[in-house]
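The block underneath contains the structure these notes are about, expressed in C-alpha cells.
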DNA sequence: GGTAAACTTGATCGAACGACAAACAACTAC
DNA sequence: GTAGTTGTTTGTCGTTCGATCAAGTTTACC
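Chains as they are written, first to last, in the numbering used here: chain G, 23 to 230; chain P, 23 to 230.
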C-alpha cells in the first residue's frame, strides 16, 4: 500500500527547498500561500495535501534549514579541538552563512518571526525554542572545554560566556541584514573574541 | 485660521502613544488598522484624516519612540565623561529599556520589521537607516573619546569597535525577547566590556 | 476492464486586509 | 442665524488572506 494512486508530480524535497527560499526572504507572516504555491510550482491545494497548514510547512522548512545552513556553525562547535577555537570557528561559520551570495543576508531562525500578529504566537515561540537550543549547544561546548582541560572558568561564568556569544551571533544577523560585509563581520568577530582571554582568566568579573 | 471647524475629540499625542504600544507589541505587518483604531479609541477614518496612511503613522510612531525609549541610551553616550563609560552606560541603559515592565522586552527599532512582504520594503529600509544612525552615533562618541584624550585607537579600529558594540546592542534585543532577565543582560554586558581594554590597547588585533 | 486510492487543479469559502468616501456633527467667522 | 470649515462615523470598496472542496486525472491492484 506504499505507492497506490496517482503519484506526485513534484518532488517534496525540492518543493520544501523552494518554500524555504520564500520564507527566508519574506519571513513567516510576510509569505502568503500564493507566494509559496507560485515558488513551489504547484497549486495551493497540493501544499495542504502534502505539507498540512502553512505553520506545518514552516516547521518542516525550519527543520531543513537547521540541517543545511545551521550545520556549519554546529559542526564548528563540535569538531574544533578547544573551546576557544570552537567558539571562534562557530562565529566565522555563522558569518559565512549569513553573507552567502544568493541567499538573504541573515539567519532565518532569528529574523523570520521575532514579532507579529497574536494568532502566530505559536510560530514565534517555536523559533524562540530553537534559539534557546543554540544557547544550550554553546553552553555544552564550553562545559566540554572544562572537562577537556582547555578551559578554566566557574560554572556561573560559563552561562554568562555562552549567553554572550549567543548574543554576538544574533547581533551579527542584524548587521548582515543591514548590509555589513563579510569583512565587517570578521572585524566584529575579532572584537568579540578579544574578550575571551579576560573572561577565562579573571572569573570574578563575570559573576552576575 | 488656526482653530476653525470641528475640534478633534482625541489628543493626537495620546493616540500616537497608543499606536506605539500596538506597533511595539505586534510589529509593523502584524498590526492591522483595526488593531490601531481599537487601541486608539477612534475609527479608522480618523486615523487616515489625522496621520495619513499606516506607513505614515508608523513613521510618526518611530519618531516618538526615538525621543522616549531611545533617549536614555543616547543620553548615556552623550553625558558620560569617557568613551569607555559612555559605551558601558549606553549598554546598561539599553538593557534597562528592553526589560522595562509593562512594555515588550525588545527594541522596536530592531524587531518591528526585519523581514516581511515585498510591498513593505520601504518600511524595512526606513528602520535600517535608523539602525545605521545608531552605529554612526556610537562611532562619533568613540571619535570624541580620541579627541578628548581618553581613548587611543587607530581610525580603522574605531569603526570595528563601533560596529562591535552596535552588534551587542542588537543581540541584547533578541536575548530580552527570548526571556533573558535584566540580570542576564548585565552579565552579557560585562562580558562585552571585557573586550574593551584589549581592543583599545592592542590596535593591531582589530584591523579588518 | 473495473475499482479504489492518491494527487492536482480551479473555484471558492468567510474573514480580514488597507484605504476611502459620503453623510453627519460640531465648531468659527461673519 | 447662516455659511464655511473641519472632524467623526459608518459603510464599503476591491483585494488578499489561509484554507477547503468537488471534479478531474493518473496510478496500482484485482
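C-beta: ideal position from N, C-alpha, C; glycine also. Just so you know, these numbers come straight off a predicted model, no measurement behind them.
{"Item": "Cβ-Cβ distance between residue 194(P) and residue 210(P) below 8 Å", "Value": "yes"}
{"Item": "For residue 132(G) and residue 146(G), believed in contact at Cβ under 8 Å, the rounded distance", "Value": "Incorrect: roughly 12 Å between the Cβ atoms, too far for contact."}
{"Item": "Exposure of residue 143(G), with buried meaning 16 or more beta-carbon neighbours within 10 Å", "Value": "exposed"}
{"Item": "Residues of its chain near residue 42(G), where Cβ-Cβ distance is below 7 Å and the 5 sequence neighbours each way are ignored", "Value": "83, 86 and 87"}
{"Item": "Short Cβ contact (8 Å threshold) for residue 57(P) with residue 48(P)", "Value": "yes"}
{"Item": "Cutoff 8 Å: residue 6(G) Cβ touching any chain P Cβ", "Value": "For chain G, the structure presents residues 23 to 230; residue 6(G) sits outside this window and is missing."}
{"Item": "Separation of residue 208(G) from residue 186(P), as counted between CA atoms", "Value": "10 Å"}
{"Item": "Beta-carbon spacing of residue 250(P), residue 128(P) below 8 Å", "Value": "Because residue 250(P) is not part of the residues shown, which for chain P are 23 to 230, the question remains open."}
{"Item": "Inside the region 36-70 of chain P only - alpha helix (DSSP H) runs reaching at least 4 residues", "Value": "55-62"}
{"Item": "Where the region 168-183 of chain G meets chain P: residues whose CB sits under 8 Å from a CB there", "Value": "181, 182 and 183"}
{"Item": "Residues near residue 126(G) by beta carbon distance below 7 Å, same chain, minus five either side", "Value": "46 and 47"}
{"Item": "Interface partners of residue 200(P) on chain G, CB under 7 Å", "Value": "150, 153 and 154"}
{"Item": "Proximal residues, the region 128-151 of chain G versus chain P, C-beta separation under 8 Å", "Value": "128, 132, 133, 134, 136, 137, 138, 139, 140, 142 and 150"}
{"Item": "8 Å Cβ cutoff, residue 92(G) in contact with chain P", "Value": "no"}
{"Item": "Interfacial residues, the region 51-79 of chain P to chain G, with Cβ spacing under 7 Å", "Value": "51 and 52"}
{"Item": "Within chain G, partners of residue 193(P) - CB distance below 7 Å", "Value": "189, 190, 192 and 193"}
{"Item": "Span of the alpha helix (DSSP H) around residue 139(P)", "Value": "Segment: none, residue 139(P) is in no alpha helix (DSSP H) and carries neither H nor E."}
{"Item": "Cβ neighbours of residue 61(G) in the same chain (closer than 8 Å, five flanking residues each side left out)", "Value": "40, 41, 43 and 44"}
{"Item": "Reference residue 114(P); option with closest CA among 220(P), 198(P) and 161(P)", "Value": "198(P)"}
{"Item": "Own chain partners of residue 66(P) with C-beta closer than 6 Å, once the 5 adjacent residues on each side are dropped", "Value": "55 and 59"}
{"Item": "Residue 105(P) at chain G interface by Cβ criterion, 8 Å", "Value": "no"}
{"Item": "Extent of the continuous alpha helix (DSSP H) run through residue 108(P)", "Value": "105-119"}
{"Item": "Candidates 196(G), 216(G) and 31(G): closest to residue 121(G) by CA position", "Value": "196(G)"}
{"Item": "Own chain, CB closer than 7 Å to residue 163(G), minus 5 neighbours either side, in chain order", "Value": "99, 105 and 108"}
{"Item": "Alpha helix (DSSP H) segment containing residue 96(G), residue limits", "Value": "93-101"}
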